[in-house]
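Quick note: the sequence shown uses the numbering used here, first residue -17, plus one each step. Backbone N, C-alpha and C fix where the C-beta goes; we use that ideal spot for every residue, glycine too.
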Amino acid sequence: MNGHSAGVRAEHFTDRVAVITGALGEIGLETAEELARRGATVWAADIGFSPSEPSRPVGAGIIHPVNLDVTDSHAVDSLFRSITSASGPISMLVNAAGGPGTDRSPVEDVTDAQWKKVVSLNLDGTFYCCRAAVKSMKSGGIGGSIVNISSGAGRTYSRTGVQAYAAAKAGVIGLTRQLAREMGTYGVRVNCVAPGLIAVEGLAQELSSISSGAMQTHLSGVALGRLGSAADLVGPIVFFLGPQAGYVTGQTISVDGGSTMLG
Ligand SMILES: NC(=O)c1ccc[n+]([C@@H]2O[C@H](COP(=O)([O-])OP(=O)(O)OC[C@H]3O[C@@H](n4cnc5c(N)ncnc54)[C@H](O)[C@@H]3O)[C@@H](O)[C@H]2O)c1
């Protein structure tokens, strides 16, 4: 015995290049920091970063914050090319940019613009980043691992009634399976995480508007009886990225405290 069980050993990502989108959000940020602590060069992309954000060392790695709108396919292609030139082939991608937006309407009142905005962010943006990352991964010939972020809404339905969000997040699961099939022979694995209700800062307003009765009803449907935290997502994401998941691809795992139990 060397004192470490396989279950607790921290995999190292030294010299590996990662891109995390939505990296100003709690889930993206915690993931970016964990990968950097494990030695990765992390390009943290978010529409909220200023163009002159300084890089910062974290643990054995480094985080380079970059401004990116994932719905702009030219900007995505250009950034992924620049990252590959600067740091070498990308071998890890986490698509965490996303969200349901603030519009909630009965389906007959949903405008084209409302629909397209949510689908564009959650599905088109994920596709653009996967496509750009795959080019870098194939050119490097070193394989890679992609983790997409869906939602319980993509496995069942949107509890807050956002039709485009449920549709786009279900699309992310389909895209994950399709790319896993296509990319397997190149050593690229593609998996997906479907969070339940995660208490991040961006949801504070929404959470505070939920009555305590409605919250109790929600929690009674969660086997573990609590809301999730961003930290709850990091382990499953890192698992999918790392070698312990080396024979796992095309899978979606719910990280929702046991609200959705499929299979
Ligand atoms: N928090 C939850 O309860 C929950 C539940 C299920 C799924 N998710 C998913 O998890 C992912 C992360 O969400 P979060 O909870 O950390 O939310 P968040 O709102 O804190 O983070 C999302 C980030 O995406 C960024 N972003 C928005 N539009 C962008 C664009 N066009 N280009 C680039 N970046 C953009 C935002 O600036 C923000 O920093 C999202 O895909 C979300 O749909 C979250």
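So, are the CB atoms of ASN49 and THR3 less than 8 Å apart?
Here residue 49 corresponds to residue number 67 of the sequence shown, with the count starting at 1. Here residue 3 corresponds to residue number 21 of the sequence shown, with the count starting at 1. It is not a contact, given that the beta carbons lie outside the stated cut-off.
Which word fits GLU8, buried or exposed, when buried means at least 16 other C-beta atoms lie within 10 angstroms of its C-beta?
Taking the sequence shown and counting its residues from 1, the one referred to as residue 8 is at position 26. Counting Cβ neighbours within 10 Å, GLU8 comes out buried, since at least 16 surround it.
For ASN104, verify whether its CB is less than 7 Å away from any heavy atom of ligand 1.
Taking the first residue of the sequence shown as 1, we reach residue 104 at position 122. Result yes, Cβ under 7 Å from ligand 1.
Please classify TYR110 as buried or exposed, where buried requires at least 16 neighbouring CB atoms within 10 angstroms.
Stepping through the sequence shown from its first residue, residue 110 is reached at position 128. Its Cβ being crowded by 16 or more others within 10 Å, TYR110 is buried.
Alpha helix (DSSP H) containing SER55: first to last residue?
Here residue 55 refers to the residue found at position 73 when the sequence shown is read from its first residue. Segment 55 to 69, the alpha helix (DSSP H) holding SER55.
Check the C-beta distance from VAL182 over to ASP214 and give it rounded, since I have them as a contact under 8 Å.
Within the sequence shown, residue 182 is the residue found at index 200, counting from 1. Within the sequence shown, residue 214 is the residue found at index 232, counting from 1. Not a contact, Cβ separation roughly 11 Å.
Going by the beta-carbon positions, is the gap between ARG38 and ALA22 smaller than 8 Å?
In the sequence shown, counting from the first residue as 1, residue 38 sits at position 56. In the sequence shown, counting from the first residue as 1, residue 22 sits at position 40. No, the pair does not count as a contact, with Cβ atoms beyond the cut-off.
DSSP on ASP28, reduced to helix/strand/coil?
Reading the sequence shown from its first residue, position 46 is the one you call residue 28. Three-state DSSP puts ASP28 in a strand.
If the criterion is Cβ atoms closer than 8 Å, does the pair ALA149 and VAL92 meet it?
In the sequence shown, the residue the question calls residue 149 occupies position 167. In the sequence shown, the residue the question calls residue 92 occupies position 110. No; because the gap between Cβ atoms is not below 8 Å, this pair is not in contact.
Between the beta-carbon of PHE62 and the beta-carbon of ALA14, is there less than 8 Å?
Position 80 of the sequence shown, counted from the first residue, corresponds to residue 62. Position 32 of the sequence shown, counted from the first residue, corresponds to residue 14. No, they are not a contact pair.
For ILE124, which three-state DSSP category applies?
Your numbering for residue 124 matches position 142 in the sequence shown. ILE124 falls in the coil class under three-state DSSP.
How big is the Cα-Cα spacing for SER121 and PRO71?
Position 139 of the sequence shown, counted from the first residue, corresponds to residue 121. Position 89 of the sequence shown, counted from the first residue, corresponds to residue 71. Distance between the alpha carbons of SER121 and PRO71: 7 Å.
Could you tell me whether the segment 161 to 171 touches the segment 224 to 242, using the rule of 3 or more Cβ pairs below 8 Å?
Touching, per the Cβ criterion.
Please determine if the segment 131 to 148 and the segment 201 to 212 are in contact, where contact requires at least 3 C-beta pairs separated by less than 8 Å.
Segments in contact, no.
Grab me the residues of ILE45's own chain with a C-beta within less than 6 Å of its C-beta, minus the 5 sequence neighbours each way, in chain order.
On the sequence shown, position 63 is the one that residue 45 refers to. Here the set comprises ALA14, ALA18, VAL24, ALA26, ARG38.
Please identify the residue among GLN145, VAL175, SER67 whose C-alpha is closest to the C-alpha of LYS99.
Here the question's residue 99 lines up with position 117 in the sequence shown. The option with the nearest alpha carbon to LYS99 is GLN145.
Look at the Cβ atom of LEU6, then the Cβ atom of THR53, and state whether they are nearer than 8 Å.
Here residue 6 is taken as the residue at index 24 of the sequence shown, counted from 1. Here residue 53 is taken as the residue at index 71 of the sequence shown, counted from 1. No, these two residues do not count as a Cβ contact at 8 Å.
Compute every distance between the C-beta of ALA205 and the non-hydrogen atoms of ligand 1, then say whether any falls below 7 Å.
As a first step, residue 205 is located in the sequence shown; it is residue number 223 there, counting from the start. Because no heavy atom of ligand 1 lies under 7 Å away, the Cβ of ALA205 does not count as near it: no.
Ligand 1 and GLU90: does any heavy atom of the ligand fall closer than 7 Å to the residue's C-beta?
Locating residue 90 in the sequence shown gives position 108, where the first residue counts as 1. For ligand 1, not one heavy atom lies less than 7 Å from the Cβ of GLU90.
Buried or exposed: MET119, going by 16 or more other Cβ atoms within 10 Å of its Cβ?
Here residue 119 refers to the residue found at position 137 when the sequence shown is read from its first residue. Label assigned to MET119: buried.
So VAL204 and GLY178 are supposed to be a Cβ contact under 8 Å. How far apart are they, rounded?
In the sequence shown, counting from the first residue as 1, residue 204 sits at position 222. In the sequence shown, counting from the first residue as 1, residue 178 sits at position 196. VAL204 to GLY178, Cβ: 7 Å. Contact.
Please report how far the alpha carbon of SER69 lies from the alpha carbon of ASP59, in whole angstroms.
The residue given as residue 69 occupies position 87 in the sequence shown. The residue given as residue 59 occupies position 77 in the sequence shown. Cα to Cα, SER69 sits roughly 15 Å from ASP59.
Roughly how many angstroms separate the alpha carbons of ALA0 and ASP51, rounded to a whole number?
For the purposes of this step, residue 0 is identified with residue 18 of the sequence shown, where counting begins at 1. For the purposes of this step, residue 51 is identified with residue 69 of the sequence shown, where counting begins at 1. Going from the Cα of ALA0 to the Cα of ASP51 covers about 17 Å.
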